[in-house]
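2 protein chains.
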Amino acid sequence: MDFKEELEKRVAYAEKVIYSYLPKEEGYQKKVIEAMNYSVKAGGKRLRPILMWETYQLFGGTVRETIEPFMAAIEMIHTYSLVHDDLPAMDNDEYRRGKKTTHVVYGEAMGILAGDGLLNFAFETACRSFSHNTDGDTTVEALQVLTRKPGIYGMLGGQVIDVESVNQEITMEKLEIIHKLKTSALIEASMMIGAILAGASEEEIKEIEFAARQIGLAFQIQDDILDVTSTMEVLGKPIHSDEKNNKTTYVTLIGLSKAKEQVADYTKQAMDIIKKSGRKNEFLERLIIELISRKK
Amino acid sequence: MDFKEELEKRVAYAEKVIYSYLPKEEGYQKKVIEAMNYSVKAGGKRLRPILMWETYQLFGGTVRETIEPFMAAIEMIHTYSLVHDDLPAMDNDEYRRGKKTTHVVYGEAMGILAGDGLLNFAFETACRSFSHNTDGDTTVEALQVLTRKPGIYGMLGGQVIDVESVNQEITMEKLEIIHKLKTSALIEASMMIGAILAGASEEEIKEIEFAARQIGLAFQIQDDILDVTSTMEVLGKPIHSDEKNNKTTYVTLIGLSKAKEQVADYTKQAMDIIKKSGRKNEFLERLIIELISRKK
């Protein structure tokens, strides 16, 4: 398998799906829709919709019209969180992925409204799955996950704890909770929804939730490791930024070698679930390895 | 009927329902939950959940557990819109209903996150209706309305057009669109969801949507009229504020006497639908009259 080529195909497919569900830039609301679409089209790995789709495949899902509204929805939710994170009152970031952030281009009021619009439109979009799914119960279950995981007991909760922990001492327990919520919650939602809509059993959905959580955590620890071990040339951003910002990370808490061990442990736990007998998705396996052992 | 007493009962019931669905102020996310609950508990007429409940009654609905999550959800959505409207980058209001606004009490970042949290939690809460409704199809339909009406083609769209129209000439057509979206959309959602969950027919739901729209418009025009005809003593806020802010209103566009005619017309259209043969809800009829002919 030429992984890079296969990945590009997936990204192209995910973007085709996402773009097809974006609102048309017309009417009196044109400007906020432009701001919403600008944010979504500004790039990104499209990791969450791809993980959703591949998990759907892993469990034998076949009805594109059922899963696609959710693929678009999860990317809208991810994007809304970035747009609001970048606001002056939050991280005050002017650039993301080399492009001006939404509030810089469209103004702060429109940045707030575009984020609100994306979050709301995500649920509106996901509801379109009901027209195509003959088994409405799985859509209900998928929708429950889609509403729960980004919220105060998921991603948003992690964001809040993170904002509040600035300049405070952070324990290992708290650091894990922040990452479980901030990073893992949307990955859990993505993979769980893929499994649910493909008709996976309750036990299988729980396993996938756990695998997704470990993937998110391993991804995050790898981030901390690269900040210490990589070079600015490879990473494309300044290294040692955590140290400079006096930020608590896995590396500062447990040291580099134990952090590496944990990445390996979490990855193995996730892979054991993905590769469990009866399941086979070579691309998904490879994607997870690439994500976690990445050099940048 | 002692209307005031009956209204107080409804407000107490609506608040009991709303509060019962609010998240508990505990755990690492405690602060954002406090900010969310502060905003919801800061008062208000609870008009939307009451209209939802009364429309549910109008069509013979009986299962409280089905409608109540939606009553809480619509109030959370209404509250999120106020919290974000009050932000410094938007209207920059420090007080609402005599209390400090959320971002003044909890900081701007928390104001943004609390609004996001409420919008997200509204959909999470509404999904709880699925566990109690034996007819899942009506919950799906109600959820579709709940996701559509507050969004870019509803309330949020109106907000955007309004923000963009500052210091611009506004036509009658545009003014109606702003009010239909900003004011009527959530009233439409409230009454439609009441009708849908009570098992009203497609035609009845359409009628209720129209009635709700007219109620929202009449309410808004009455607001414009009072700004010209009332006194500060009665209204409890400065009069002639529209004129001072050079704001286009129904009164500036069509004059006081035509504006009054329109309130009467819209009210009659709404009442004809509410009182249509086979339907009876004396309190709802009275509530609408009171809303529209109010003196403050």
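Chains as they are written, first to last, in this note's numbering: chain A, 1 to 296; chain B, 1001 to 1296.
Ideal Cβ positions, reconstructed from N, Cα and C, are used throughout, including at glycine.
Nothing here was measured: the structure is a model prediction, and the numbers come from that model.
When DSSP builds the beta bridges, which residues end up paired with ARG1096/B?
-> In the second sequence, the residue the question calls residue 1096/B occupies position 96. ARG1096/B pairs with LYS1099/B.
Which two residues bound the contiguous alpha helix (DSSP H) that contains ALA35/A?
-> Along the first sequence, one-based indexing puts residue 35/A at 35. 30–41 is the extent of the alpha helix (DSSP H) around ALA35/A.
Taking a cut of 9 angstroms between CB atoms, which residues from the stretch 1057–1085 of chain B lie near chain A?
-> ILE1077, TYR1080, SER1081, HIS1084
Cα-Cα, which of LEU256/A, ALA212/A, ILE74/A, ALA185/A is closest to ALA122/A?
-> By 1-based counting over the first sequence, the position of residue 122/A is 122. Checked all of LEU256/A, ALA212/A, ILE74/A, ALA185/A; the closest Cα to ALA122/A is ILE74/A.
Can you tell me the Cα-Cα spacing of PHE1219/B and VAL1166/B, whole angstroms?
-> Taking the first residue of the second sequence as 1, we reach residue 1219/B at position 219. Taking the first residue of the second sequence as 1, we reach residue 1166/B at position 166. About 22 angstroms.
Proximity below 8 angstroms, CB of ALA1042/B to CB of ARG1128/B = Counting from 1 along the second sequence, the entry for residue 1042/B is found at position 42. Counting from 1 along the second sequence, the entry for residue 1128/B is found at position 128. No, the Cβ-Cβ distance between ALA1042/B and ARG1128/B is not below 8 angstroms.
Would ARG213/A count as contacting chain B if we go by Cβ distances under 8 angstroms?
-> Within the first sequence, numbered from 1, the residue matching residue 213/A stands at position 213. Taking Cβ atoms only, chain B never reaches closer than 8 angstroms to ARG213/A, which makes this a no.
Span separating the alpha-carbon of ILE205/A from that of VAL145/A = Within the first sequence, the letter at position 205 stands for residue 205/A. Within the first sequence, the letter at position 145 stands for residue 145/A. In a straight line, the C-alpha of ILE205/A is about 11 angstroms away from that of VAL145/A.
Straight-line gap, TYR1056/B to ARG46/A (C-alpha atoms, nearest Å) | If you number the second sequence from 1, residue 1056/B lands on position 56. If you number the first sequence from 1, residue 46/A lands on position 46. Their Cα atoms are separated by approximately 42 angstroms.
Within chain B, the residues that ASN37/A reaches when beta carbons sit closer than 7 angstroms = Taking the first sequence and counting its residues from 1, one reaches residue 37/A at position 37. Correct list: empty, because the minimum Cβ distance to chain B is about 11 angstroms.
In angstroms, rounded to a whole number, what distance separates the CA positions of LYS268/A and SER184/A?
-> Residue 268/A sits at position 268 when you count from the first residue of the first sequence. Residue 184/A sits at position 184 when you count from the first residue of the first sequence. Cα-Cα distance, rounded: 16 angstroms.
Residues of its chain near VAL1083/B, where Cβ-Cβ distance is below 8 angstroms and the 5 sequence neighbours each way are ignored | If you number the second sequence from 1, residue 1083/B lands on position 83. Answer for VAL1083/B: SER1039, THR1101, THR1102, HIS1103, GLY1111, ALA1114, GLY1115, LEU1118, listed in chain order.
Taking the alpha-carbon positions, what's the ARG1071/B to GLU243/A distance?
-> In the second sequence, the residue the question calls residue 1071/B occupies position 71. In the first sequence, the residue the question calls residue 243/A occupies position 243. The residue asked about is misnamed: residue 1071/B is Met in this sequence, not Arg. Answer to the nearest angstrom: the Cα atoms are 48 angstroms apart.
Using a Cβ cut-off of 7 angstroms, which residues of the stretch 1006–1034 of chain B contact any Cβ in chain A, in chain order?
-> PRO1023, TYR1028, GLN1029, LYS1031, VAL1032, ILE1033
Which of helix, strand or coil does DSSP assign to LEU87/A?
-> Working through the first sequence from its first residue, we reach residue 87/A at position 87. DSSP places LEU87/A in coil when its eight states are reduced to three.
Cα-Cα, which of TYR80/A, MET36/A, ILE67/A is closest to GLN159/A?
-> As a working note, residue 159/A is residue 159 in the first sequence. Nearest of TYR80/A, MET36/A, ILE67/A to GLN159/A, Cα basis: TYR80/A.
Any alpha helix (DSSP H) of 4 or more consecutive residues that is wholly inside the stretch 221–288 of chain A | 232–235, 241–244, 250–254, 256–274
Can you pull the chain A residues whose beta carbon is under 7 angstroms from the beta carbon of GLY1151/B, in chain order?
-> Within the second sequence, residue 1151/B is the residue found at index 151, counting from 1. Those are GLY117, ASN120, PHE121, GLU124, listed as they occur along chain A.
Members of the stretch 134–145 of chain A near chain B, C-beta cut-off 7 angstroms | GLY136, VAL140, LEU143, GLN144
Helix, strand or coil at ASN1120/B [DSSP, three-state] | Counting from 1 along the second sequence, the entry for residue 1120/B is found at position 120. Looking at ASN1120/B - three-state DSSP - the assignment turns out to be helix.
Counted within 10 angstroms of its Cβ, other Cβ atoms place PRO238/A as buried (16 or more) or exposed | If you number the first sequence from 1, residue 238/A lands on position 238. That one is exposed.
Can we say the stretch 260–279 of chain A touches the stretch 203–217 of chain A, given the rule of at least three CB pairs closer than 8 angstroms?
-> yes
Would you give the residue range spanned by the alpha helix (DSSP H) that GLY157/A belongs to?
-> Here the question's residue 157/A lines up with position 157 in the first sequence. Note, GLY157/A: alpha helix (DSSP H), 155–164.
How big is the Cα-Cα spacing for GLU282/A and LEU1143/B?
-> For the purposes of this step, residue 282/A is taken as residue 282 along the first sequence, with counting starting at 1. For the purposes of this step, residue 1143/B is taken as residue 143 along the second sequence, with counting starting at 1. If I take the Cα positions, the gap works out to 37 angstroms.
Would you mind giving the Cβ-Cβ distance between ILE984/B and ILE1161/B, rounded to the nearest angstrom? I have them listed as a contact below 8 angstroms.
-> A question about residue 984/B goes unanswered here, because the residues of chain B that appear run from 1001 up to 1296.
So which residues on chain A does MET1192/B lean against when the C-beta distance must stay under 7 angstroms?
-> Mapped onto the second sequence, residue 1192/B falls at position 192. Under the 7 angstroms cutoff, chain A gives no residues; its nearest Cβ is about 15 angstroms from MET1192/B.
Tell me whether LEU302/A sits in a helix, a strand or coil according to DSSP, three-state version.
-> Summary: the structure shown does not reach residue 302/A, with chain A confined to residues 1 through 296, and so no result is reported for it.
LEU1051/B lies in the alpha helix (DSSP H); which residues open and close that run?
-> Translated into positions along the second sequence, residue 1051/B becomes position 51. Segment 1047–1058, the alpha helix (DSSP H) holding LEU1051/B.
Given GLY157/A, which residues of its chain have a CB within under 6 angstroms of its CB, disregarding the five upstream and five downstream residues?
-> Mapped onto the first sequence, residue 157/A falls at position 157. Excluding residues within five positions, the ones whose Cβ falls inside 6 angstroms are LEU181.
Exposed or buried, what is THR171/A when buried is set at 16 or more other beta-carbons lying within 10 Å of its beta-carbon?
-> Here residue 171/A is taken as the residue at index 171 of the first sequence, counted from 1. THR171/A comes out exposed.
Where do the ends of the alpha helix (DSSP H) carrying ALA142/A lie?
-> Here residue 142/A refers to the residue found at position 142 when the first sequence is read from its first residue. Unbroken alpha helix (DSSP H) run through ALA142/A: 136–148.
Partner residues on chain A for SER1159/B, Cβ-Cβ distance less than 7 angstroms = Here residue 1159/B corresponds to residue number 159 of the second sequence, with the count starting at 1. Before going on, a small fix: residue 1159/B reads as Gln here, not Ser. Correct list: LEU113.
Would you call the stretch 26–36 of chain A and the stretch 1020–1028 of chain B in contact, with 3 or more CB pairs under 8 angstroms?
-> no
Whole-angstrom C-beta distance between ILE1067/B and LEU1197/B, which should lie under 8 angstroms = Here the question's residue 1197/B lines up with position 197 in the second sequence. Here the question's residue 1067/B lines up with position 67 in the second sequence. Going by Cβ atoms, the distance from LEU1197/B to ILE1067/B rounds to 5 angstroms, so yes, they are a contact pair.
Do you know offhand how far VAL1140/B's Cα is from PHE130/A's?
-> Residue 1140/B sits at position 140 when you count from the first residue of the second sequence. Residue 130/A sits at position 130 when you count from the first residue of the first sequence. Roughly 8 angstroms separates the two Cα atoms.
Can you find a CB in chain B that lies within less than 8 angstroms of the CB of THR102/A?
-> What you label residue 102/A is simply residue 102 of the first sequence in a count that begins at 1. THR102/A does not count as touching chain B.
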